[in-house]
Amino acid sequence: MAYEPQYYPGATSVAENRRKHMSGKVEKLRDISDEDLTLILGHRAPGSDYPSTHPPLAEMGEPEDSVRELVEPTPGAKAGDRVRYVQFVDSMYNAPSTPYFRSYAAAINFRGVDPGTLSGRQVVEARERDMEELAKFQIETEMTCPALAGLRGATVHGHSLRLPEDGVMFDMLERVRKEGDNIIMHKDQVGRPIDKKVNLGKPMSEEEAAKRTTIYRVDNVAFRDDDEVIEWVQRVFDQRTIYGFKPEN
Amino acid sequence: MADDRQRKFAKQMEIKFTKEHGTNKMEGGEITDKTVKYYRLGVDQNPRKLEMKKAGAELAKKRGLVGYNPMMHCGGIPLGQRALTPSFLSGTDMMVEIDDLHYVNNSAMQQMWDDIRRSIVVGMDLAHETLEKRLGIEVTPETINHYLETLNHALPGGAVVQEHMVETHPALVDDCYVKMFTGDDELADEIDSQFLIDINKEFPEEQAEQIKEAIGKTSWQAAHIPTIVSRTTDGGQTSRWMAMQVGMSFISAYSMCAGEAAVADLSYAAKHAGVIQMGDMLPARRARAPNEPGGIPFGHMADIVQTSRVDPEDPAHVALEVVGAGCMLYDQIWLGSYMSGGVGFTQYATAAYCNNILDDNLYYNVDYINDKYDGAANKGTDNKIAANLDVVKDIATESTIYGLENYEKYPTTLEDHFGGSQRATSLSAAAGSAVSIATGNGNAGLSGWYLSMYLHKEALGRLGFFGYDLQDQCGATNVLSYQSDEGLAVELRGPNYPNYAMNVGHQGGYTAIAASAHAGRGDAFAVNPLIKVAFADSLLPFDFTAPRKEFGRGALREFEPAGERSLIIPAK
Numbered sequence: 013m014a015y016e017p018q019y020y021p022g023a024t025s026v027a028e029n030r031r032k033h034m035s036g037k038v039e040k041l042r043d044i045s046d047e048d049l050t051l052i053l054g055h056r057a058p059g060s061d062y063p064s065t066h067p068p069l070a071e072m073g074e075p076e077d078s079v080r081e082l083v084e085p086t087p088g089a090k091a092g093d094r095v096r097y098v099q100f101v102d103s104m105y106n107a108p109s110t111p112y113f114r115s116y117a118a119a120i121n122f123r124g125v126d127p128g129t130l131s132g133r134q135v136v137e138a139r140e141r142d143m144e145e146l147a148k149f150q151i152e153t154e155m156t157c158p159a160l161a162g163l164r165g166a167t168v169h170g171h172s173l174r175l176p177e178d179g180v181m182f183d184m185l186e187r188v189r190k191e192g193d194n195i196i197m198h199k200d201q202v203g204r205p206i207d208k209k210v211n212l213g214k215p216m217s218e219e220e221a222a223k224r225t226t227i228y229r230v231d232n233v234a235f236r237d238d239d240e241v242i243e244w245v246q247r248v249f250d251q252r253t254i255y256g257f258k259p260e261n
Numbered sequence: 293m294a295d296d297r298q299r300k301f302a303k304q305m306e307i308k309f310t311k312e313h314g315t316n317k318m319e320g321g322e323i324t325d326k327t328v329k330y331y332r333l334g335v336d337q338n339p340r341k342l343e344m345k346k347a348g349a350e351l352a353k354k355r356g357l358v359g360y361n362p363m364m365h366c367g368g369i370p371l372g373q374r375a376l377t378p379s380f381l382s383g384t385d386m387m388v389e390i391d392d393l394h395y396v397n398n399s400a401m402q403q404m405w406d407d408i409r410r411s412i413v414v415g416m417d418l419a420h421e422t423l424e425k426r427l428g429i430e431v432t433p434e435t436i437n438h439y440l441e442t443l444n445h446a447l448p449g450g451a452v453v454q455e456h457m458v459e460t461h462p463a464l465v466d467d468c469y470v471k472m473f474t475g476d477d478e479l480a481d482e483i484d485s486q487f488l489i490d491i492n493k494e495f496p497e498e499q500a501e502q503i504k505e506a507i508g509k510t511s512w513q514a515a516h517i518p519t520i521v522s523r524t525t526d527g528g529q530t531s532r533w534m535a536m537q538v539g540m541s542f543i544s545a546y547s548m549c550a551g552e553a554a555v556a557d558l559s560y561a562a563k564h565a566g567v568i569q570m571g572d573m574l575p576a577r578r579a580r581a582p583n584e585p586g587g588i589p590f591g592h593m594a595d596i597v598q599t600s601r602v603d604p605e606d607p608a609h610v611a612l613e614v615v616g617a618g619c620m621l622y623d624q625i626w627l628g629s630y631m632s633g634g635v636g637f638t639q640y641a642t643a644a645y646c647n648n649i650l651d652d653n654l655y656y657n658v659d660y661i662n663d664k665y666d667g668a669a670n671k672g673t674d675n676k677i678a679a680n681l682d683v684v685k686d687i688a689t690e691s692t693i694y695g696l697e698n699y700e701k702y703p704t705t706l707e708d709h710f711g712g713s714q715r716a717t718s719l720s721a722a723a724g725s726a727v728s729i730a731t732g733n734g735n736a737g738l739s740g741w742y743l744s745m746y747l748h749k750e751a752l753g754r755l756g757f758f759g760y761d762l763q764d765q766c767g768a769t770n771v772l773s774y775q776s777d778e779g780l781a782v783e784l785r786g787p788n789y790p791n792y793a794m795n796v797g798h799q800g801g802y803t804a805i806a807a808s809a810h811a812g813r814g815d816a817f818a819v820n821p822l823i824k825v826a827f828a829d830s831l832l833p834f835d836f837t838a839p840r841k842e843f844g845r846g847a848l849r850e851f852e853p854a855g856e857r858s859l860i861i862p863a864k
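So the sequences go chain by chain: A and B.
Using our numbering, read the first sequence as starting at 13 and increasing by one per residue.
Using our numbering, read the second sequence as starting at 293 and increasing by one per residue.
Put into structure tokens, the structure is as follows:
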């Protein structure tokens, strides 16, 4: 019987959403053009070549190496791209994703990525075109609500703050704002103004966010109520503790 | 367990988040509201920031070189896009500006560390044996009193033996002194009261008996070298300065020959054989002398804080005061400055001792434990519950989920603890301290700390700063195993313990966990009775019975520090 990853325990919608994020089987909700993506990431001018840090691997005359034969380089590595980042901030008020589940999603479903997981932000570093592939995936799918999540390279304060009246997560640099029914981004990740407004699409309604979220909240799906998750956390704790006594057992 | 209790942070949240301060325009609303209007008023909304802005402008004008300018923040977008809120010192009504909780802006915080760094405990018995057995000099309570009078002249920098000596000005070193203490009540009765830390008077009767039994008939000096000396040099200076003056005082008080060989024995006793440092020296890669914060074991720090002798019936209060002192020293000063050089560590630490959020969580736990485990959170030894994994899981899980739900039910608390590391410190310190209090076992408490971290991470899908992944995910494995450096009693662990050396927001919690186990049992001390007694002394500038109140006094500019130089600088 073929192995099917289970990813995560739990019987609640939050647990189910966590499994979806980890498996990569998430719903696509919107499109973002390559030009818009490049603009908001802010690493290079739209349409420009990818800056490189070394020649394409094919031109480098690499030494014989069994690992190199086993592992197919990512497109970015093949081309010699520099390493750049995408960093997300997710509100604790039912943003669809959370730092750990962005990291799990990246590490499980993408190659050549280096996720970093904090409380208020989650960064992925990778070769530039590989990073863009991941960023596009996460922005376009149900992993992201443009009002409750944002791309922020610096000054990330906001994930735990009360929501402003328009429901757009606080950002001291106001990189995004609500215009009509849509969320537009008019500064790049680190807050530099960009040449055009990038339309990130409609925000999720409160109900939709509550349905799609991966965070437990007492006013939505309470952590206390997901017995299986708590049981497994305690089991991990037991095993790690007991392992300290007699590793041979 | 009823969850409708009055939250201890409710008043603080109401004042912080629904009322105006300065010109911050915050008004109305409930502490349970999930939305708010952000006015983006910048630094001009906050009185202290305004004062700093003015000082920065004056400085630039005076010296012709720019300095502090809040408009340099984020390319011209200053702090204060959200409301700049003040904080309350937990357990007090003292409302302060958060800038004033940075140790640079807080003389009480500086003095707490000064008072620890400049303190040392020195045995008297080795010296007395040398005098009596080797030199045939009689040592009596009268000679001890005379010696202590001599040393209180010499320790601050007064000459006792040689002619034509420079001396330090008494007004600059007025915080320097020595007192003695002993477990021998008969000897204590004979010591001039000005020189004595009277164990019977400073400690509750039950604790005094424990301490006297531990100390026995031995006699000790608690010496505090001048703050100004300690600040100019380092913690390693404390033993040297003390030993030099102790040696000179013995020579003078007992009319010894300044060059006789026995003096070397006295020096050796004072510098090495009979000395208790507050902290050990650190290995070369961190290169700090003894009596620097990285070498102070959590158990020593637990003993330095004195709440346990003035409020012994409330173990949670003991834990909370220890958290405050520990977070300030280990997070703000040790990791924040010595180790990282940063400025922002302050707010990791203040989360643990401001606005009653941790207090609420821990007192909830006390109620939970007392209800479920028949009063196990009350002070005592017969009422404790077994330190096993089932107990750890039950208490730490309930504690953590209660704390998490508060952040969800009261969005203002989430905004107050705006960083995951702050929340992780508060939640885990509550869980760990509660398990310690209930079991009387610090390592069980530490185990509760780690489970709390796991639960927090899974509930919110986030935890703290990067390092929390390492330190808090692997820690459970070496809590209850004692294999080489993989495991150790929490009381004997310290800031330089493997995996503990890199991550802010933990060490104050670990200190509280160590203290809680002993406060829960009603122990007079955690590790070292000598250190506990040395700081049971109201003559110290910093009041170690109430660190959080002292930090508040520092923030309100009411605290009078030692080691000031006003006497020798131009008057302003």
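The beta carbon of each residue, even a glycine, is placed where N, CA and C say it ideally should be.
With 16 other Cβ atoms within 10 Å as the buried cut-off, status of residue i
i: Ala678/B; result: exposed
i: Arg252/A; result: buried
i: His456/B; result: exposed
i: Tyr645/B; result: buried
i: Phe473/B; result: buried
i: Leu376/B; result: buried
i: Pro462/B; result: exposed
Min CB distance residue i to chain A below 7 angstroms
i: Asn733/B; result: no
i: Thr692/B; result: no
i: Gln337/B; result: no
i: Arg578/B; result: no
i: Gly712/B; result: yes
i: Leu558/B; result: no
i: Leu747/B; result: yes
Beta carbon proximity, residue i to chain B, threshold 7 angstroms
i: Arg133/A; result: no
i: Met184/A; result: yes
i: Asn261/A; result: In this predicted model, Asn261/A has a pLDDT of only 47, less than 50, meaning its place in the structure is not dependable; the value taken from the coordinates is given anyway. No, Asn261/A lies away from the interface with chain B (no Cβ there is under 7 angstroms from its Cβ).
i: Ile227/A; result: yes
i: Glu28/A; result: no
i: Thr110/A; result: yes
i: Gln18/A; result: no
CB-CB length for residue i against residue j, believed under 8 angstroms
i: Phe710/B; j: Ser172/A; result: 5 angstroms
i: Tyr694/B; j: Asn653/B; result: 6 angstroms
i: Arg133/A; j: Arg164/A; result: 7 angstroms
i: Asn698/B; j: Ser379/B; result: Asn698/B to Ser379/B, Cβ: 17 angstroms. No contact.
i: Thr692/B; j: Ser739/B; result: Contact flag wrong, Cβ pair sits at about 13 angstroms.
Spatially closest choice to residue i from the options, by CA coordinates
i: Thr599/B; options: Met536/B, Phe834/B and Val470/B; result: Phe834/B
i: Gly844/B; options: Arg785/B, Arg374/B and Ile390/B; result: Ile390/B
i: Met344/B; options: Arg332/B, Met363/B, Tyr330/B and Gly356/B; result: Met363/B
i: Asp207/A; options: Thr50/A, Gly22/A and Lys32/A; result: Thr50/A
i: Val168/A; options: Glu84/A, Val135/A and Glu16/A; result: Val135/A
i: Pro87/A; options: Met34/A, Leu69/A and Ser115/A; result: Leu69/A
i: Tyr622/B; options: Ser522/B, Thr803/B, Glu494/B and Val683/B; result: Thr803/B
i: Leu752/B; options: Phe257/A, Arg247/A and Val241/A; result: Val241/A
C-alpha gap between residue i and residue j, whole angstroms
i: Thr769/B; j: Tyr255/A; result: 6 angstroms
i: Pro582/B; j: Gly527/B; result: 6 angstroms
i: Leu418/B; j: Asn398/B; result: 40 angstroms
i: Glu421/B; j: Tyr630/B; result: 41 angstroms
i: Phe851/B; j: Met593/B; result: 22 angstroms
i: Phe249/A; j: Lys701/B; result: 27 angstroms
i: Gly667/B; j: Glu219/A; result: 44 angstroms
i: His748/B; j: Pro604/B; result: 31 angstroms
i: Val452/B; j: Met540/B; result: 7 angstroms
i: Tyr469/B; j: Lys509/B; result: 23 angstroms
i: Glu842/B; j: Val245/A; result: 40 angstroms
i: Thr324/B; j: Thr704/B; result: 7 angstroms
i: Asn261/A; j: Leu41/A; result: The predicted position of Asn261/A is uncertain, since its pLDDT is 47 and thus under 50; a value taken from the coordinates is nonetheless stated next. The alpha-carbon atoms of Asn261/A and Leu41/A are separated by roughly 49 angstroms.
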